[in-house]
Amino acid sequence: MLQNEQEIQVALEIKKILDEGIAAGPWQANLFLKGIKKKLEELRDDFVTKVGLDRHHEQITNDLLAAGSCENTEVYIALYQSQGGNMSKWQEVVVSLVNYTMGRPIYYNEADVQAAIRLNDRNLNHAYAVVKVHSDAILSDTTDLVRTDREGRKLISLREAAIQLKNIVRLVHATGQYKLVRNF
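Numbering of the sequence shown is given in this note's numbering, commencing with residue 7 and proceeding in unit increments.
Here it is, written out as structure tokens:
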């Protein structure tokens, strides 16, 4: 269990290194590498559980929500577009986030969304949007069941109409990062 701020920072750095390694690896090349990726993910998850980072992260999230702060928080929304090479189609997807976020995977950590979109071989068809929302727009999990993606990464939910066009920061795609300028 983590005792002081220095131990928490060291544990967060170790987790960050593991997350970056998992996100950056060429895991889709063959079955051997996929097996190594799975072992690394298990190692990371065991580390997080044993040192108590999962409880620490939940406590920070709950503290932010309980404080009722109106600070903006960046969230990361995984996106899919079958015509991934066509940037005008991505424009439509990003603009539609204002009205349609139900069912889309929304992550609190950028490393989680990066790892999630790298699960698929066709990276041109996957991207993610970085959006600033008010901290009180993030819904806390009220049930014992925490929402996760298929790989066990924690998902968050947003209140209706939490996303505004002016708060969409950027689209991160395999070809680069794109900023929203005058409604594209």
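Ideal placement from N, C-alpha and C gives every residue a C-beta, glycine not left out. Please read these numbers as outputs of a predicted model, since none were measured by experiment.
With Arg165 and Leu145 assumed to form a contact (beta carbons below 8 Å), what rounded beta-carbon distance in angstroms separates them? 6 Å
Look at the alpha carbon of Leu46 and the alpha carbon of Gln97, and state the distance between them as a whole number of angstroms. 35 Å
Status (buried if at least 16 other CB within 10 Å, exposed otherwise) for Gln87: buried
Tell me whether Gly27 sits in a helix, a strand or coil according to DSSP, three-state version. helix
Simplified DSSP assignment, three categories, for Arg176: strand
Helix, strand or coil at Thr107 according to DSSP, with G and I counted as helix: coil
Cβ-Cβ distance between Ala133 and Leu171 below 7 Å: no
Please determine if the segment 37–56 and the segment 78–92 are in contact, where contact requires at least 3 C-beta pairs separated by less than 8 Å. no
Could you say which of Gly109, Gly91, Gly31 and Lys95 lies nearest to Ala84 if we only look at CA atoms? Gly109
If I'm right that Gln193 touches Ala29 with Cβ under 8 Å, what's the distance once you round it to whole angstroms? The chain is shown from 7 up to 190; residue 193 falls before or after that span and cannot be answered.
How long is the line joining the alpha carbons of Ser75 and Val139, rounded to whole angstroms? Below a pLDDT of 50, predicted positions are generally treated as unreliable, and Ser75, at 46, falls in that range; no measurement from the model is reported.
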